[in-house]
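Heads up, the final residue of the sequence shown is numbered 421 in my numbering, and it's a clean run with no missing numbers. Let me begin by presenting the structure, written as structure tokens, before commenting on it.
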Amino acid sequence: MHKQTTLPNGIQLITAKNNSTNTVTVLVMVKAGSRYENKKINGISHFLEHLMFKGTKSYPTPEKLSIALDSLGGEFNAYTSEEFTGYWIKVEHSKIESAIEMLSEMLNNSTFPLEEIERERGVIIEEINMVKDEPMRYIYYLFIKCLYGDTPAGREIIGPKTNIKSISRQNILDYYNTFYTPTNITIAIAGRINNTEALVEKYFNINKESKENIKDSVTINQTRPAILIENRKTDQAHLSLGFHACPINHPDEMTLKILAEILGGSMSSRLFTQLRGKNGLAYYVRTMPDVYTDSGYITTNAGVPVKKINEAIKIIINEYKKIKNDLVSDDELNKVKNIIKGRVVIELEASDKVAEWYAKTNLMRGSILTPSEFIKKIDAVTAKHIKNLANKIFTTSQLNLAIIGNCDEKDKEKFYKLLAI
């Protein structure tokens with residue numbers, strides 16, 4: 001069971017009580033991410049997330065703040081996405097007030113010391129280097145760039161090195177004051193809890209002027225397949241082949257999740273079986289969907305031998321065609337539904353995942369979708385829904401292919417010839 005309230009200052013509080021656990025997670029989620037950035041300050045949401053750990057009024061140095069956080073005896077972290085930024089602490093339930101107090105101190109009393117900003121530039125640049133040195137991970141960002149181009153939706157969350165070097169303290173303060181306001185904040189607390197509303201009101205009794213922040217909407221104007229290649233002298237080529245799809249809350253959203261799971265969500269999925277099991281072309285294969293408030297996509301990622309990129313593309317395209325033409329069997333559909341539902345049940349045994357579920361669904365959907373409601377929506381999807389959606393989105397003009405590997409622009413034409421569905 002969950003309870004949702006809006007505090008007098010506009011902060012939304014969601015609590016999910018579970019007395020069978022000894023832990024509690026406090027998550028503060030802010031509607032601020034790379035989709036709200038312009039090109040000049042792309043990366044500032046993530047930069048700001050880092051700086052929340054670099055000193056506050058009560059803990060003026062990173063060392064003192066880290067000691068205070070570690071002394072709680074729990075876990076803590078933060079993350080930045082396209083449309084939100086989250087900060088969380090998970091502790092033994094008796095320390096709930098300390099966790100709320102620490103998050104309040106970080107989000108409301110960070111001092112953003114100039115020397116720490118300068119030092120953190122180097123840290124983030126090394127994080128950029130780390131991500132780019134992992135093609136299995138970086139192929140995601142290249143596909144997004146291929147899909148959305150030079151728009152906020154197509155830019156990397158972490159931002160380019162040039163921005164990290166040039167973003168000023170004033171830029172950071174302006175962004176913080178614009179986005180870190182009460183009506184932009186959702187706090188979710190899950191686990192063994194009691195009297196949390198009073199504690200949140202005590203520590204998050206902030207009064208800042210709030211206004212609605214508008215992001216640039218995604219506009220899809222694609223009329224032919226798109227290919228983006230990053231040449232690297234690697235033994236393996238990493239590819240991502242997919243399509244634009246529906247946004248969150250769309251009637252096809254759950255069908256999209258099931259479609260992706262059928263194609264490449266598990267060891268028994270179609271593309272895992274074809275690319276790895278039967279042809280030995282790849283170690284990792286995954287088809288994944290992602291949905292935002294105004295857009296979405298589905299794509300298949302795989303790492304294959306450079307000389308067998310063509311073969312891998314043909315296999316992926318062939319499976320896309322099959323699911324357009326033939327109804328999924330009852331057995332396969334039930335298997336995939338069980339995978340998705342089981343995954344949710346297992347994840348939500350942890351208080352941090354429960355807190356994230358409620359905060360994220362509320363912030364992204366505009367209202368809470370409970371786990372039981374989610375499962376009902378999954379159960380309602382039919383084989384005909386899947387075939388109809390595949391025919392709607394799996395079209396030649398909407399194909400997008402990103403590749404990292406030892407190939408270049410001159411190889412594009414041969415790839416274009418394969419992109420027909």
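Glycine included, C-beta positions come from ideal geometry on N, C-alpha and C.
Could you check the C-alpha separation between H385 and S168 for me, to the nearest Å? Roughly 50 Å between the two C-alpha positions.
What are the partner residues of P62, as DSSP defines its beta bridges? P62 pairs with nothing; no bridge assigned.
Residues bridged to P305 [DSSP beta-bridge criterion]: When DSSP reads this structure, P305 sits in a beta bridge with Q236.
Residues of its chain near N249, where Cβ-Cβ distance is below 6 Å and the 5 sequence neighbours each way are ignored: Counting only Cβ-Cβ distances below 6 Å, and skipping sequence neighbours, we find R365.
Same chain only: Cβ atoms within 6 Å of Y59, ignoring 5 sequence neighbours per side: Hits under 6 Å: L65 and A68.
Could you tell me if G122 is buried or exposed, where buried requires 16 or more neighbouring beta carbons within 10 angstroms of its beta carbon? By the Cβ-count criterion, G122 is exposed, with fewer than 16 other Cβ atoms from all chains shown falling within 10 Å of its own Cβ.
Rounded to whole angstroms, what is the Cα-Cα separation between N163 and G405? Computed Cα separation, rounded: 26 Å.
Please look up how many angstroms separate the CB atoms of I403 and A237, rounded, as I've assumed it's under 8 Å. That belief holds up - the Cβ atoms of I403 and A237 are roughly 6 Å apart, short of 8 Å.
My assumption, with CB atoms under 8 Å, is that D408 sits in contact with I229. Please give the rounded CB distance. That belief holds up - the Cβ atoms of D408 and I229 are roughly 6 Å apart, short of 8 Å.
At the level of alpha carbons, what is the spacing between K417 and I227? If I take the Cα positions, the gap works out to 12 Å.
Kindly provide the ranges of any alpha helix (DSSP H) runs that are 4 or more residues long and lie completely inside the stretch 109–183, ordered along the chain. The stretch 109–183 contains these whole alpha helix (DSSP H) runs: 114–132, 135–148, 161–166 and 169–179.
Going along the chain, which residues of its own chain have a beta-carbon closer than 8 Å to the beta-carbon of M106, five neighbours each way excluded? Excluding residues within five positions, the ones whose Cβ falls inside 8 Å are M52, F53, T56, L65 and Y87.
Going by other Cβ atoms of all chains shown within 10 Å of its Cβ, with 16 needed for buried, is N400 buried or exposed? Answer is buried; the Cβ neighbour count reaches 16.
The stretch 197–217 touching the stretch 256–275, judged by at least three CB pairs closer than 8 Å: Taking a cut-off of 8 Å for Cβ pairs, the stretch 197–217 and the stretch 256–275 do not touch, as fewer than three such pairs fall below it.
Residue closest to A78, alpha-carbon to alpha-carbon, out of H50, I96, L419 and T61: Comparing Cα positions, the closest option is H50.
In whole angstroms, what separates the C-alpha of L72 from that of V24? Counting only the Cα atoms, V24 lies some 12 Å from L72.
Can you tell me where the beta strand (DSSP E) with L228 in it begins and where it stops? From DSSP, the beta strand (DSSP E) with L228 extends over A226 to N231.
Assigned secondary structure, A99 (DSSP; H/G/I helix, E/B strand, else coil): In the three-state reduction of the DSSP assignment, A99 falls in the helix class.
Using a 10 Å radius around the Cβ and a threshold of 16 neighbouring Cβ atoms, would you call G296 buried or exposed? If you draw a 10 Å sphere on the C-beta of G296, you find 16 or more other C-beta atoms in it, and that means buried.
Count the other CB atoms, across all protein chains shown, that sit within 10 Å of the CB of N194; report buried if there are 16 or more and exposed otherwise. By the neighbour-count rule (16 or more Cβ atoms within 10 Å), N194 is not buried but exposed.
L222 - DSSP class collapsed to helix/strand/coil: Before going further, note that residue 222 is Gln rather than Leu in the sequence given. It is coil, neither helix nor strand.
Give me the DSSP bridge partner(s) of W88. In DSSP, W88 forms a bridge with L27 and N77.
Can you tell me whether R343 is buried or exposed, with buried defined as 16 or more other CB within 10 angstroms of its CB? Exposed, because fewer than 16 other Cβ atoms sit within 10 Å of the Cβ of R343.
Give me the Cβ distance between V200 and I317, rounded to the nearest whole Å; I'm assuming they're in contact under 8 Å. Not a contact, Cβ separation roughly 51 Å.
Would you list the one or two residues that DSSP bridges to Y297? DSSP lists H244 and D290 as partners of Y297.
Checking 7 Å against the spacing of the C-beta atoms, do I421 and Y320 come in under that value? For I421 and Y320, yes; Cβs fall inside 7 Å.
When the cut-off is 7 Å and only beta carbons count, does A420 lie next to chain B? Of the protein chains in the structure, only one exists, and it is not chain B.
Excluding the 5 residues flanking A282 on each side, which residues of the same chain have their C-beta closer than 8 Å to its C-beta? Cβ neighbours of A282 beyond the five flanking positions: L275, R276, A302, G303, V304 and A312.
Report, in whole angstroms, the separation of the C-beta atoms of L103 and I124, which I expect to be a contact under 8 Å. 22 Å between Cβ atoms; not a contact.
Helix, strand or coil for L7 per DSSP? DSSP places L7 in coil when its eight states are reduced to three.
Hey, V30 and N184: beta-carbon distance below 7 Å or not? Yes, Cβ-Cβ distance for V30 and N184 is below 7 Å.
In terms of DSSP beta bridges, what is T255 paired with? Answer is none; T255 lacks a bridge partner.
Buried or exposed: where does N42 fall if 16 or more other Cβ atoms within 10 Å of its Cβ makes it buried? Note on N42: 16 or more other CB atoms within 10 angstroms of its CB, so buried under the neighbour-count rule.
For I11, which of N18, S20 and L27 has the nearest alpha-carbon? Nearest of N18, S20 and L27 to I11, Cα basis: L27.
Status (buried if at least 16 other CB within 10 Å, exposed otherwise) for I96: The C-beta of I96 has 16 or more other C-beta atoms within 10 Å across all chains shown, which makes the residue buried.
Start-to-end residues for the alpha helix (DSSP H) that takes in T186: Following the DSSP letters along the chain, one finds T186 in no alpha helix (DSSP H) but inside the beta strand (DSSP E) bounded by residues I185 to G191.
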